[in-house]
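Engineer: Attaching a single structure in structure tokens format; questions to follow.
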Amino acid sequence: MSHTILLVQPHQEVRRQDLRYESVNECTEDVCKMYEEHLKRMNPNSPSITYDISQLFDFIDDLADPSCLVDRADTQTYQRYNKDWIKEKIYVLLPRQAQKAGK
Numbered sequence: 007m008s009h010t011i012l013l014v015q016p017h018q019e020v021r022r023q024d025l026r027y028e029s030v031n032e033c034t035e036d037v038c039k040m041y042e043e044h045l046k047r048m049n050p051n052s053p054s055i056t057y058d059i060s061q062l063f064d065f066i067d068d069l070a071d072p073s074c075l076v077d078r079a080d081t082q083t084y085q086r087y088n089k090d091w092i093k094e095k096i097y098v099l100l101p102r103q104a105q106k107a108g109k
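The numbering used here applies: residue 7 is where the sequence shown begins, and numbers increase by one.
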């Protein structure tokens with residue numbers, strides 16, 4: 007597990023936040039939850055929400071310069087990754103989550 011820091015500015019009027027996680031998976035799961043919360047705010051009367059990965063990626067693209075800092079134990083430094091890396095990690099994570107939910 008690599009300590010991970012998500013740097014994100016959800017809206018232009020909100021200051022940049024740094025959110026800390028114990029792993030990359032925990033971080034990417036939270037990005038998905040952020041989008042789900044956004045959908046709930048946009049559709050308060052909807053009993054459920056559904057979305058596809060392209061909509062999630064559009065949401066990430068609309069964030070102001072999201073990035074992750076991932077702890078590298080071998081160098082004792084943090085490696086910075088951009089939103090494309092975040093989307094790649096989510097692309098790998100979502101099928102695994104769907105597979106777990108189906109069991």
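Just so you know, even glycine gets a beta-carbon here, dropped at the ideal spot from N, CA and C.
According to the neighbour-count rule (16 or more other Cβ atoms, all chains shown, within 10 Å of its Cβ), is Val30 buried or exposed?
Structural biologist: One-based indexing of the sequence shown puts residue 30 at position 24. Buried.
Engineer: Give the range of the alpha helix (DSSP H) segment to which Ile59 is assigned.
Structural biologist: By 1-based counting over the sequence shown, the position of residue 59 is 53. Start and end: 59-68.
Engineer: For the alpha helix (DSSP H) that Arg47 lies in, which residues bound it at each end?
Structural biologist: Locating residue 47 in the sequence shown gives position 41, where the first residue counts as 1. Note, Arg47: alpha helix (DSSP H), 30-48.
Engineer: What number of angstroms, rounded off, separates the C-alpha of Asp64 from the C-alpha of Pro72?
Structural biologist: In the sequence shown, residue 64 corresponds to position 58, counting from 1. In the sequence shown, residue 72 corresponds to position 66, counting from 1. Cα-Cα distance, rounded: 13 angstroms.
Engineer: Can you grab the Cα-Cα spacing for the pair Arg22 / Pro53, in whole Å?
Structural biologist: Residue 22 sits at position 16 when you count from the first residue of the sequence shown. Residue 53 sits at position 47 when you count from the first residue of the sequence shown. One C-alpha to the other measures close to 31 angstroms.
Engineer: So, with DSSP's three-state summary, where would you put Arg26?
Structural biologist: Against the sequence shown, residue 26 aligns to sequence position 20. Strand, per DSSP.
Engineer: When you compare each of Ile59, Asp58, Leu13, Leu45 to Lys33 by their alpha carbons, which one comes out closest?
Structural biologist: Taking the sequence shown and counting its residues from 1, one reaches residue 33 at position 27. Note that residue 33 corresponds to Cys in the displayed sequence, not to Lys. Nearest of Ile59, Asp58, Leu13, Leu45 to Cys33, Cα basis: Leu13.
Engineer: At which residues does the beta strand (DSSP E) containing Ile11 begin and terminate?
Structural biologist: Locating residue 11 in the sequence shown gives position 5, where the first residue counts as 1. Taken as a continuous stretch (DSSP letters only), the beta strand (DSSP E) holding Ile11 covers 10-14.
Engineer: Looking at Ile59: is its Cβ nearer than 7 angstroms to the Cβ of Lys89?
Structural biologist: The count along the sequence shown starts at 1 and reaches residue 59 at position 53. The count along the sequence shown starts at 1 and reaches residue 89 at position 83. No. Outside cutoff.
Engineer: Provide the residue(s) that pair with Tyr97 in DSSP beta bridges, ordered along the chain.
Structural biologist: Taking the sequence shown and counting its residues from 1, one reaches residue 97 at position 91. Paired residue(s): none; Tyr97 is not in a bridge.
Engineer: Please state whether DSSP places Arg78 in a helix, a strand or coil.
Structural biologist: Locating residue 78 in the sequence shown gives position 72, where the first residue counts as 1. Correct three-state label for Arg78: strand.
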